[in-house]
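Structure first, commentary second.
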Amino acid sequence: MTDHRRGAATPPDLTSLAAFDLSTRLRLREVSAHDVMTAYLDRIETLNPSINAIVSLRPRDELLAEAEAADLAPASGPLHGLPVAVKDLVATRGLRTTWGSPLYADHIPEADDRLARRLRRAGAILIGKTNVPEFGAGSHSFNPVFGVTRNPYDPARTAGGSSGGAAAALAMRMVPVADGSDMMGSLRNPAAFCNIYGFRPTWGLIPDDAEGDLYLHRLATDGPMARCPKDLALLLSALAGPDPKMPYEVAVPDLSALDIEALKGARIGWLSDWGGVPYEDGVLDICEAALAEMSALGATVETLPPPVSRDAIWESWTTLRSWAIAAGKADLWNDAGKRQFIKPELQWEIQRGNAMSALQVDGASRIRSRLNLAFADLFGSYDALAIPSAQVWPFPADWRWPESVGDVAMDSYHRWMECVIPVSLTGLPAVSVPAGFGENGLPTGVTLFGPRNADRRILSLADHWHQATDWPNRRPPP
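So this is what it looks like as structure tokens:
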């Protein structure tokens, strides 16, 4: 094992254990849900004020009472007795849900959405929410309701987003697992910024809520985040599964045991900077060093040219994204009294989407289809493809977004996350794995992705990597 661990807790306390280990111990009654809850709440009380990852935390006495009830009840699922904070884009019955917007600052839903229902059904105890950007737009978690979430490795910098609160809470051992969601790298980018794992599953494996349009505007998906791939698999097992109300179905893979030597003999295609996507100094070097280590573990890594041009992909993405956002936020936009409370970046997206023609959307969809077919051809020769998880290091928390990457000016609030788009457009299973730290002491990540329904294979590659490196055990400074 590569030795780069720093500050590991010895002996491990309950918050140092992997979620799959805690789940087993809870099921065997070797530990109590009450003690697990106490340990995590103590860490939240001590550490959360400095990074602001968890918001709308429920009262301690309520949570301890719920944990005691879990100790008396038979195990109800894979997350039985585990404390989980849910992303503040997920409606949770009786628990404040704001979407980071002042329009919903005091909103308390009367019903759970599907993800929250599945978490409860799996036995999780919902303790509160994790912070997000307003309506999840942008990869920096700040909003006018709760403020900014800070990076555990440098609180002056961002934790990323939109699942920034989830990633930061995981890195600080304030939760054992966390849900994320990903439209444009929203769980992969914060995973890279916070030195943890984020998995974007095959589109449809975790179904959306059966409401509104069920066919168009499908660019995002929920996914698990964790400190190890086995914990990703644990949470995925609770969230995945078909819904008869949805017009598609994806078979749930066997997640009970991952292939711990999956990198041996694996063929990986490295797409590097995709023919000119800009990166800050050192980011690509760290990714390439990680791929060299994967080669040492038995993989064959080859550098590939981009299968579809960078400009075509950007055109497709910005068209489809703005179109989807405009459709999803039409009710807010059409209410003049509410429109003024929408942040400028989101207003820009909605205005672009409202101006789209049907032929523009059709053209964007054709590019998307061409990329999907190009990937299918590549997967005839490669088990996985690799791209960086981010183009920049975690940037100052008081920025709205990076206005340049190196000496290249960014022409939109999200251009600095251009590298993640190929996976977002095609809905393929992808995992951001910790790749290491730069000379600045900040982490970054590399993304491995595979063909549709190769979720178990991609998680197995990540697990082999984790067993050999264990980057998340390089803890944030106290």
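Numbering (the working numbering), first residue to last: 125 to 602. For every residue, glycine included, the Cβ atom is placed at its ideal position computed from N, Cα and C. Computed from a predicted model, the values in this text were never measured in an experiment.
Residue i (DSSP reduced to helix, strand or coil)
i, result
"N458", "coil"
"W394", "strand"
"S528", "strand"
"S265", "coil"
"A253", "A small correction: the amino acid at residue 253 is Lys; Ala does not occupy that position in the sequence shown. Correct three-state label for K253: strand."
"M307", "coil"
"T71", "Residue 71 is absent from the model: the chain starts at 125 and stops at 602."
"E404", "coil"
"D579", "helix"
"I511", "strand"
"R241", "helix"
"G322", "strand"
"L387", "coil"
"P103", "Residue numbering for the chain in the displayed model covers 125 to 602; residue 103 lies beyond these limits and cannot be assessed."
"N176", "coil"
"A132", "The pLDDT assigned to A132 is 36, lower than 50, so where the model puts this residue is not dependable, and the model offers no usable value."
Residue i: CB within 7 Å of a non-hydrogen atom of the ligand SAM
i, result
"A229", "This structure lacks the ligand SAM, and indeed carries no ligand of any kind."
Anticipated Cβ contact below 8 Å, residue i with residue j, distance rounded
i, j, result
"L146", "L152", "Their Cβ separation, rounded to whole angstroms, is 11 Å, which puts L146 and L152 out of contact at 8 Å."
"E258", "S310", "With 8 Å as the limit, E258 and S310 do not qualify as a contact, their Cβ atoms being about 13 Å apart."
"H158", "D185", "In fact, because the Cβ distance is near 12 Å, the residues do not count as touching under 8 Å."
"A510", "L395", "7 Å"
"R238", "G201", "Not quite, the Cβ-Cβ distance comes to about 15 Å (not below 8 Å), so this is no contact."
"P600", "A291", "Wrong, their Cβ atoms sit about 12 Å apart, outside the cutoff."
"P402", "G530", "5 Å"
"D507", "R391", "5 Å"
Exposure label - residue i; buried when at least 16 CB within 10 Å
i, result
"A479", "exposed"
"R242", "buried"
"A133", "Residue confidence for A133 is low, a pLDDT of 35 falling below 50, so the modelled location carries little weight and cannot support an answer."
"D236", "buried"
"S174", "exposed"
"N458", "exposed"
"K253", "buried"
"T170", "exposed"
"K388", "exposed"
"R274", "buried"
"W517", "buried"
"M125", "Any reading at M125 is ruled out, since the residue's pLDDT is 37, under 50, leaving its predicted position unreliable."
For residue i, the nearest candidate out of the options (CA to CA)
i, options, result
"M370", "G247, C352 and D332", "D332"
"D405", "T568, F465 and T273", "T568"
"T443", "L415, I474 and E190", "I474"
"A448", "P430, A482 and D459", "A482"
"S156", "L181, H204, N172 and V179", "H204"
"N255", "V401, T170 and K211", "K211"
"A189", "N172, C318 and P207", "P207"
"T216", "P368, Y228, D230 and E234", "E234"
"W438", "T427, R490 and A280", "R490"
"L541", "T550, W525 and G551", "Checking the sequence shown, residue 541 turns out to be Met, not Leu. Here the closest residue by C-alpha is W525."
"V485", "R220, R445 and A454", "R445"
"L382", "P366, S361 and G393", "S361"
"L343", "A521, M349, T326 and Q591", "T326"
- [ ] Determine contact between the stretch 295-302 and the stretch 534-547, defined as no fewer than three beta-carbon pairs at a distance below 8 Å.
- [x] no
Task: the stretch 498-514 contacting the stretch 571-583, beta-carbon criterion three pairs below 8 Å - done: yes
Open item on the list: Tell me whether the stretch 348-368 and the stretch 468-475 touch, counting them as touching only if at least three CB pairs, one residue from each stretch, are closer than 8 Å.
Closed with: no
TODO: Could you tell me whether the stretch 551-570 touches the stretch 483-495, using the rule of 3 or more Cβ pairs below 8 Å?
DONE: no
Open item on the list: Three or more C-beta pairs under 8 Å: does that hold for the stretch 372-384 against the stretch 580-590?
Closed with: yes
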